[in-house]
Amino acid sequence: MYSTADIAKRLGCTTQAVNKYRRKVEKQIGKRFGTPDPSDGRRTLYSENEVSQIAEMAPKIPVTEASEEDCIDAELIDGPDTYTPIAPERISLGLRHATLPPAHRGDFDLAAAEQAIADVEAHTARTAQRGDVLLSEFAVTEMLEAVADIKQTVATMKANALGDATVTLGKQTENRPSSSG
-3 MYSTADIAKR
7 LGCTTQAVNK
17 YRRKVEKQIG
27 KRFGTPDPSD
37 GRRTLYSENE
47 VSQIAEMAPK
57 IPVTEASEED
67 CIDAELIDGP
77 DTYTPIAPER
87 ISLGLRHATL
97 PPAHRGDFDL
107 AAAEQAIADV
117 EAHTARTAQR
127 GDVLLSEFAV
137 TEMLEAVADI
147 KQTVATMKAN
157 ALGDATVTLG
167 KQTENRPSSS
177 G
């Protein structure tokens, strides 16, 4: 059983080209190729017979060895091959092609994250403290207004009681008969 990548390596083309050739053969035959890979549901595996049918659809590119003269000309133009590939220090995902550079991701900075958390907590504490102060000032103001209202009510009640007492005393002195003789 072969994957699309295996067939592409075997044919010397890309996996997109293999899929194109496979679709052409499937269209001609009228049946779908491949079975799902039991170890990885995203992949499809093809039998040897299906691989040979796909290979027949692929264009045949004759491979001829380069002549000595062509090799010398290429070396004179390009120079000797002095390129030495250096393996990356860290790869997060496997690369599809060895020629692609690995993606560079910044490392997680734990100290910076802890500092950011501390800053947020300090800001939250300051905001909560300010809220407490404002709420306390509001409560004190409301209580002072309530106390002033109660004092006003008590003063009004005293004045009313005093007025009532005066009126009552005044009526009592008017109702008494004079005892002169």
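In this text, residue positions in the sequence shown follow our numbering: the first is -3, and each later residue adds one. Quick reminder that beta carbons are idealized off the backbone N, C-alpha and C, glycines included. Every value quoted in this text rests on a predicted model; they were computed, and no experiment measured them.
Compare the beta carbon distance of Phe54 and Leu7 with 7 Å and say whether it is the shorter of the two.
Residue 54 is actually Ala in this sequence, not Phe. Yes; because the gap between Cβ atoms is below 7 Å, this pair is in contact.
Give the DSSP bridge partners of Pro32, in chain order.
According to DSSP, Pro32 bridges with Thr40.
Would you grab the beta carbon distance between Glu46 and Gly26 for me? Rounded to a whole angstrom, and I think it's under 8 Å.
In this structure Glu46 does not touch Gly26 by the C-beta definition: roughly 14 Å separates them, more than the 8 Å allowed.
Closest by CA to Asp36, which one among Tyr17, Ser(-1) and Lys20?
Comparing alpha-carbon positions, the option among Tyr17, Ser(-1) and Lys20 lying closest to Asp36 turns out to be Ser(-1).
Which residue marks the beginning of the alpha helix (DSSP H) containing Tyr17, and which one marks its end?
Its alpha helix (DSSP H) spans residues Thr11 to Ile25.
Could you check the C-alpha separation between Gln168 and Ala135 for me, to the nearest Å?
Using only the alpha carbons, I get a separation of about 49 Å.
When the Cα atoms are used, what is the spatial distance from Ala108 to Arg122?
Whole-angstrom Cα-Cα distance: 21 Å.
Please report the distance separating the alpha-carbon of Thr162 from that of Met153.
Each residue's alpha carbon lies about 14 Å from the other.
Report the option in Thr40, Asp33, Met(-3) and Pro34 whose CA atom is closest to the CA atom of Asn15.
Here the closest residue by C-alpha is Thr40.
Label Ile3 either buried or exposed according to how many other C-beta atoms from any shown protein chain fall within 10 Å of its C-beta, with 16 as the threshold for buried.
Flag for Ile3 reads buried.
Output the distance between the C-alpha atoms of Ala51 and Lys20, rounded to the nearest integer angstrom.
The alpha-carbon atoms of Ala51 and Lys20 are separated by roughly 11 Å.
Glu1 and Thr11 closer than 7 Å at C-beta
Per the sequence shown, residue 1 should be read as Ala rather than Glu. With respect to the 7 Å criterion, Ala1 and Thr11 are classified as neighbours on the basis of their beta carbons.
Exposed or buried, which one is Arg28 when buried takes at least 16 other CB atoms within 10 Å?
Using a 10 angstroms sphere on the CB of Arg28, the tally of other CB atoms stays under 16, which defines it as exposed.
State the Cα-Cα distance for the pair Ala112 and Asp128, rounded to the nearest angstrom.
Their backbone Cα atoms lie some 24 Å apart in a straight line.
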